[in-house]
Amino acid sequence: MQLLLLHLDDALELQPDFVHSCVMAGAREVDDKKSGRAIRLWARPQALDEVWRNLVKAAPLSNDGSRLCFMGSGDFHHVTALLLSLALEKNRRPVTVIHIDNHPDWVHFDNGMHCGSWVNKALELPLVEKVITLGVCSHDLKSPERKGANLVPLSNGRLELYPYEHPPSKVKSDYGTGPSFSQIGGALHWQSICELGESNFVDRLLGRIQTEAVYVTIDKDVLSDADAVTNWDQGSMRLPYVLWLLSEIGERHRVIGADVTGDYSTPNYGGDFYTRTMKKAEVLIDQPFRRRDVMATRNINSAANHALLEVLSELMP
Numbered sequence: 002m003q004l005l006l007l008h009l010d011d012a013l014e015l016q017p018d019f020v021h022s023c024v025m026a027g028a029r030e031v032d033d034k035k036s037g038r039a040i041r042l043w044a045r046p047q048a049l050d051e052v053w054r055n056l057v058k059a060a061p062l063s064n065d066g067s068r069l070c071f072m073g074s075g076d077f078h079h080v081t082a083l084l085l086s087l088a089l090e091k092n093r094r095p096v097t098v099i100h101i102d103n104h105p106d107w108v109h110f111d112n113g114m115h116c117g118s119w120v121n122k123a124l125e126l127p128l129v130e131k132v133i134t135l136g137v138c139s140h141d142l143k144s145p146e147r148k149g150a151n152l153v154p155l156s157n158g159r160l161e162l163y164p165y166e167h168p169p170s171k172v173k174s175d176y177g178t179g180p181s182f183s184q185i186g187g188a189l190h191w192q193s194i195c196e197l198g199e200s201n202f203v204d205r206l207l208g209r210i211q212t213e214a215v216y217v218t219i220d221k222d223v224l225s226d227a228d229a230v231t232n233w234d235q236g237s238m239r240l241p242y243v244l245w246l247l248s249e250i251g252e253r254h255r256v257i258g259a260d261v262t263g264d265y266s267t268p269n270y271g272g273d274f275y276t277r278t279m280k281k282a283e284v285l286i287d288q289p290f291r292r293r294d295v296m297a298t299r300n301i302n303s304a305a306n307h308a309l310l311e312v313l314s315e316l317m318p
């Protein structure tokens, strides 16, 4: 396995103890903050292509093709689509993407990719059998059509979404019934983790993974405030439960790649005045404003990263 620290912002550098542990474990570091400023929140194809080239040049995959990447803020979650594509170039086999997040990341976005749209790009990859999203608690599930959600994959079985807890989602179109939801009238009623029970859900999840290979992507905003400090609104899952889920998945499936986002960093945007203004305005609408204690942020996020590194390293020898 290749351990990669992708420095698109300063989030990981603010955790020197974690970085030191990774370096001692043989991690490769790629500093690409210039691209990070350009692609933060969303990016056009040219900027994404630059990140792709930098990854291929600075961190080529080994023959087994497995890589664990830590890459800072959840504002960069769309880089997952690039990492997944690179993993599939080395591992030419069907894969299930396990997406653990407080947000579904399923919105329509033209001419590029948004950190909230990358699931659609992942589903375009021929070897991706399906994406299973779990842990969502956010208001993105409230009237999702009005917020630009692409719900078609729910109907055709390419996407399953299991919130941690959430009331029914009002919709106008007919999406039928899927493994993770039932439509009753004008609402999607979700099979939530809380409703099923955390232990029962582990069995349910394992029964829904039909491929030998899995790719895991984690946005730590799925965690409660006690376990993570992020740029986004956060969910209710606890870190020990996420670690248990990962261990159970890894015992039964080959993890061909994984990435972790969700560390807090102060936003820094590149691009022209219009682009920077649009991104700042979007953040004012979508991201909560709260003052963060620097030491507490470092300690909480570093502890979570250490725990995720330990468990994922065992699953990806």
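FYI, the numbering for the sequence shown is 2 to 318, going by this note's numbering.
Glycine included, each C-beta is placed from N, C-alpha and C at the ideal position.
**Prompt:** At which residue ranges does the segment 122-182 contain complete beta strand (DSSP E) runs of 3 or more residues, listed in the order of the chain?
**Reply:** 129-135 and 160-163
**Prompt:** From which residue to which residue does the alpha helix (DSSP H) around residue 242 run?
**Reply:** Position 241 of the sequence shown, counting from 1, holds the residue named residue 242. 240-253 is the extent of the alpha helix (DSSP H) around residue 242.
**Asked** Is residue 265 helix, strand or coil by DSSP?
**Response** Walking along the sequence shown from the start, residue 265 turns up at place 264. DSSP places residue 265 in coil when its eight states are reduced to three.
**Run of the beta strand (DSSP E) containing residue 19, from where it starts to where it stops** = As a first step, residue 19 is located in the sequence shown; it is residue number 18 there, counting from the start. Residue 19 -> not in any beta strand (DSSP E); alpha helix (DSSP H) instead, spanning 17-25.
**Prompt:** Does DSSP put residue 43 in a helix, a strand or coil?
**Reply:** Taking the first residue of the sequence shown as position 1, residue 43 is located at position 42. Here residue 43 sits in strand by DSSP.
**Prompt:** Can you tell me the Cα-Cα spacing of residue 175 and residue 202, whole angstroms?
**Reply:** On the sequence shown, position 174 is the one that residue 175 refers to. On the sequence shown, position 201 is the one that residue 202 refers to. Taking the straight line joining both Cα atoms gives about 26 Å.
**Item:** Whole-Å CB distance - residue 89 paired with residue 124, under 8 Å assumed
**Value:** On the sequence shown, residue 89 is found 88 positions in, with the first residue counted as 1. On the sequence shown, residue 124 is found 123 positions in, with the first residue counted as 1. Actually they are not in contact, since the Cβ atoms of residue 89 and residue 124 sit about 13 Å apart, beyond 8 Å.
**Prompt:** Touching or not, the segment 51-65 and the segment 95-108, by the rule of three or more beta carbon pairs under 8 Å?
**Reply:** no
**Asked** Is the segment 17-37 in contact with the segment 241-257, if contact means three or more CB pairs nearer than 8 Å?
**Response** no
**Item:** Exposed unless 16 or more other CB atoms sit within 10 angstroms - verdict on residue 105
**Value:** Working through the sequence shown from its first residue, we reach residue 105 at position 104. With 16 or more Cβ atoms within 10 Å of its Cβ, residue 105 is classed as buried.
**Asked** Would residue 229 pass as a contact of residue 302 if the rule is Cβ separation under 8 Å?
**Response** Position 228 of the sequence shown, counted from the first residue, corresponds to residue 229. Position 301 of the sequence shown, counted from the first residue, corresponds to residue 302. Cβ distance < 8 Å, so residue 229 and residue 302 count as in contact.
**Request:** For residue 154, collect the residues of the same chain with a Cβ closer than 7 Å to its Cβ; drop the 5 residues on either side in sequence, then sort them by chain order.
**Result:** If you number the sequence shown from 1, residue 154 lands on position 153. Contacts found: 124 and 160.
**Request:** From the DSSP output, in three-state form, read off residue 76 for me.
**Result:** Residue mapping note: residue 76 aligns to position 75 of the sequence shown, counting from 1. Here residue 76 sits in helix by DSSP.
**Prompt:** How big is the Cα-Cα spacing for residue 276 and residue 249?
**Reply:** By one-based count along the sequence shown, residue 276 stands at place 275. By one-based count along the sequence shown, residue 249 stands at place 248. Their Cα atoms are separated by approximately 42 Å.
**Prompt:** When the Cα atoms are used, what is the spatial distance from residue 168 to residue 183?
**Reply:** Numbered from 1 along the sequence shown, position 167 holds the residue referred to as residue 168. Numbered from 1 along the sequence shown, position 182 holds the residue referred to as residue 183. Residue 168 and residue 183: Cα-Cα distance of roughly 12 Å.
**Asked** Are the Cβ atoms of residue 116 and residue 13 separated by less than 8 Å?
**Response** As a working note, residue 116 is residue 115 in the sequence shown. As a working note, residue 13 is residue 12 in the sequence shown. Against a cut-off of 8 Å, the Cβ pair of residue 13 and residue 116 comes out as no contact.
**Asked** Which term fits residue 16, buried or exposed, when burial requires 16 or more other beta carbons within 10 angstroms of its beta carbon?
**Response** One-based indexing of the sequence shown puts residue 16 at position 15. By the 10 Å Cβ count, residue 16 comes out buried.
**Item:** Whole-angstrom distance between residue 224 and residue 240, CA atom to CA atom
**Value:** As a position in the sequence shown, residue 240 is number 239, starting the count at 1. As a position in the sequence shown, residue 224 is number 223, starting the count at 1. Straight-line Cα distance between these residues: approximately 7 Å.
**Asked** What does a CB cutoff of less than 6 Å around residue 220 pick up in its chain, not counting 5 residues either side in sequence?
**Response** Counted from its first residue, the sequence shown places residue 220 at position 219. Once the five neighbours on either side are set aside, the close Cβ partners of residue 220 are 75, 78, 102, 262 and 263.
**Message:** Between 108, 173 and 133, which has its C-alpha nearest residue 208's C-alpha?
**Reply:** The residue given as residue 208 occupies position 207 in the sequence shown. Ranking the options by Cα distance to residue 208, first place goes to 133.
**Asked** Apart from the five residues just before and just after residue 226, which ones in its own chain have a Cβ nearer than 7 Å to its Cβ?
**Response** Your numbering for residue 226 matches position 225 in the sequence shown. These residues qualify, in order along the chain: 235.
**Request:** Under 8 Å by Cβ, that's how I've got residue 120 and residue 149 pegged, so tell me the actual separation to the nearest angstrom.
**Result:** Here residue 120 is taken as the residue at index 119 of the sequence shown, counted from 1. Here residue 149 is taken as the residue at index 148 of the sequence shown, counted from 1. That belief does not hold up - the Cβ atoms of residue 120 and residue 149 are roughly 12 Å apart, past 8 Å.
**Residue range of the alpha helix (DSSP H) that includes residue 14** = For the purposes of this step, residue 14 is taken as the residue at position 13 of the sequence shown. Premise fails: residue 14 is in no alpha helix (DSSP H) and is neither H nor E.
**Asked** Who pairs with residue 217 in a beta bridge, going by DSSP?
**Response** Sequence index remark: in the sequence shown, residue 217 carries index 216 (1-based). Beta-bridge pairing links residue 217 to 99 and 259.
**Request:** Using only alpha-carbon positions, find the residue among 32, 177, 157 and 217 that is nearest to residue 67.
**Result:** Counting from 1 along the sequence shown, the entry for residue 67 is found at position 66. Cα-wise, what sits closest to residue 67 is 217.
**Prompt:** Helix, strand or coil: which one does DSSP assign to residue 233?
**Reply:** Sequence index remark: in the sequence shown, residue 233 carries index 232 (1-based). Reduced to three states, the DSSP call for residue 233 is coil.
**Extent of the continuous beta strand (DSSP E) run through residue 209** = The residue you call residue 209 lines up with position 208 of the sequence shown. Taken as a continuous stretch (DSSP letters only), residue 209 belongs to no beta strand (DSSP E), being part of the alpha helix (DSSP H) at 199-209.
**Message:** One question on the structure: do residue 265 and residue 199 come within less than 8 Å of each other, judged by their Cβ atoms?
**Reply:** Locating residue 265 in the sequence shown gives position 264, where the first residue counts as 1. Locating residue 199 in the sequence shown gives position 198, where the first residue counts as 1. It is not a contact, given that the beta carbons lie outside the stated cut-off.
**Item:** Pick from 191, 286 and 291 that is closest to residue 171, judged by C-alpha positions
**Value:** Mapped onto the sequence shown, residue 171 falls at position 170. The candidate whose alpha carbon is nearest that of residue 171 is 191.
**Prompt:** Just to confirm, are residue 163 and residue 237 a CB contact at a threshold of 8 Å?
**Reply:** As a position in the sequence shown, residue 163 is number 162, starting the count at 1. As a position in the sequence shown, residue 237 is number 236, starting the count at 1. No, Cβ-Cβ distance for residue 163 and residue 237 is not below 8 Å.
**Best match in 122, 111 and 11 for proximity to residue 72 [C-alpha to C-alpha]** = What you label residue 72 is simply residue 71 of the sequence shown in a count that begins at 1. Answer by Cα proximity: 11.
**Request:** Could you check what DSSP says for residue 317 in three-state terms: helix, strand or coil?
**Result:** Taking the sequence shown and counting its residues from 1, one reaches residue 317 at position 316. Three-state result, residue 317: coil.
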